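Oh and the sequence shown: position 277 is 294 in my numbering, straight run, nothing missing. Ideal Cβ placement from N, Cα and C applies to all residues, glycine included. Model, not experiment: these values are computed from the prediction. As structure tokens, the structure follows; a few thoughts come after it.
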Amino acid sequence: MARIMSRQTGLKKAFWKRAISGLIIVGTGILIAFFILKNHPIGIVIGLIMWGIGITLIKSGGKFLLGAQGEKMVTEVLSKFPDDWHIFNDVIIKDSQIDHIVICSKGVYTIETKHYNCKSHIYGNAEHPKWVQIIYGHKTPFYNPVKQGNKHSLVLSKYLEEKGVGRIWVNTIVVIAGGADIKVFSPKVPVVNLDGLEGFLIEQKDVLNSEECTNIVNLIGGQPSRGGHPIQGTPYRVRILFNIKKSMKVMGSILRWILRWRIGPAVIVIIIVVIVAVFLQCLKGIYHIIVK
Numbered sequence: 018m019a020r021i022m023s024r025q026t027g028l029k030k031a032f033w034k035r036a037i038s039g040l041i042i043v044g045t046g047i048l049i050a051f052f053i054l055k056n057h058p059i060g061i062v063i064g065l066i067m068w069g070i071g072i073t074l075i076k077s078g079g080k081f082l083l084g085a086q087g088e089k090m091v092t093e094v095l096s097k098f099p100d101d102w103h104i105f106n107d108v109i110i111k112d113s114q115i116d117h118i119v120i121c122s123k124g125v126y127t128i129e130t131k132h133y134n135c136k137s138h139i140y141g142n143a144e145h146p147k148w149v150q151i152i153y154g155h156k157t158p159f160y161n162p163v164k165q166g167n168k169h170s171l172v173l174s175k176y177l178e179e180k181g182v183g184r185i186w187v188n189t190i191v192v193i194a195g196g197a198d199i200k201v202f203s204p205k206v207p208v209v210n211l212d213g214l215e216g217f218l219i220e221q222k223d224v225l226n227s228e229e230c231t232n233i234v235n236l237i238g239g240q241p242s243r244g245g246h247p248i249q250g251t252p253y254r255v256r257i258l259f260n261i262k263k264s265m266k267v268m269g270s271i272l273r274w275i276l277r278w279r280i281g282p283a284v285i286v287i288i289i290v291v292i293v294a295v296f297l298q299c300l301k302g303i304y305h306i307i308v309k
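Given below as structure tokens:
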């Protein structure tokens, strides 16, 4: 089996961060509307606004989870290759967040993964800035993944050249996971489904020797993952318990002050903003406990 040098973590973290943030904001809205300001009309207004924001955050988190599932499918396909193949998932090279990097005798590849429902139809042209997903008659435009992938390949190629490897051609592949119907014109960059990915890579000719592969693997191995941690670096540390304890103490003081004094709507809005900020600070600590 191929060597999986790093795992996908960034999208899952983004999902949890938005999901938990959304739930906290929705809960805060309920607290304000039915308890803190239950006899004040502005309480309902603030509650509705916060519910809308919270639900929107939760829905946006779902897109990140879908992306994580798609990248996991691609990793499962890549892991079937021989053990002299090296697979990096979820890597940052300079300003580019790369879903997958494949290093093997057949060359260096960046893979841009998109995950769309099996009932979707994907229409696009490699030269156009936007592609379109159509599902149940509804059209959703999205940025051209070929252009996105080519940018990643160029950044990686320049990075390797700067590190003394020489001019290495980095190939781009776009994978549409999830079984969507692909109707795309892309003569230079392959746009394939999961089944097509394995077949395309097998057909390529050998262009790198083992020493060149090892050198490239070592250079990429020190780069951070999308979660912000080096793939081969020191553990990430954060003052988790201190942040939670401090945040809860401040939040409790603010709530007691609101309940004790009668204040105007403008001041209430300011205080609510402060409460949300404190909640998010508390969330930061909870988030690190769950995900880290």
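For E129, the uninterrupted beta strand (DSSP E) segment begins and ends at 124-132. Straight-line measurement puts the Cα of N106 at about 15 Å from the Cα of I233. For the pair I118 and I152, the Cα-to-Cα distance works out to about 30 Å. Residue burial is scored here from C-beta neighbours: W186 has fewer than 16 other C-beta atoms within 10 angstroms and is therefore classed as exposed. In this structure, DSSP gives Q86 a helical state, which the three-state scheme calls helix. With respect to I42, L74 sits close: the two C-beta atoms are nearer than 8 Å. Taking C-beta separations shorter than 6 Å and ignoring five residues to either side along the sequence, the partners of T92 in its chain run N106, following chain order. In the assembly as shown, N56 is an exposed residue. Its beta-carbon has fewer than 16 other beta-carbons within 10 Å. In the DSSP assignment, A194 forms a beta bridge with H132.
Spatial neighbours of I190 in its own chain (CB-CB distance under 6 Å, excluding positions within 5 residues in sequence) are listed in chain order as Y126, I128, P207. In this structure C135 is not in contact with G79, their Cβ atoms being roughly 17 Å apart against a cut-off of 8 Å. Nearest in C-alpha terms to L83, of all of G71, K175, Q25, C230, is Q25. Remark: C-beta atoms of G87 and K147 do not approach each other more closely than 8 Å. Taken through DSSP and simplified to helix, strand or coil, Q165 comes out as helix. Under the three-state reduction of DSSP output, D112 falls in the coil class, being neither helix nor strand. Counted as a single uninterrupted DSSP element, the alpha helix (DSSP H) harbouring K30 occupies residues 27-48. In the structure shown, W68 falls within a helical segment according to DSSP collapsed to helix, strand and coil. Residue state for V94 is assigned as helix, using DSSP reduced to three classes. Distance from H138 to D198 at the Cβ level is roughly 5 Å; contact confirmed, criterion being Cβ atoms closer than 8 Å. Closest in alpha carbon position to R20, among D116, H103, G216, is H103.
Distance between G124 and D223, taken at the CA atoms: about 7 Å.
Setting aside the 5 residues that flank it on each side, V172 is surrounded in the same chain by I110, K111, S113, each with a C-beta closer than 6 Å to its C-beta; the list follows chain order.
Counting along the chain, F159 sits inside the beta strand (DSSP E) bounded by residues 155-160. Taking C-beta separations shorter than 7 Å and ignoring five residues to either side along the sequence, the partners of I120 in its chain run H103, C230, I233, V234, following chain order.
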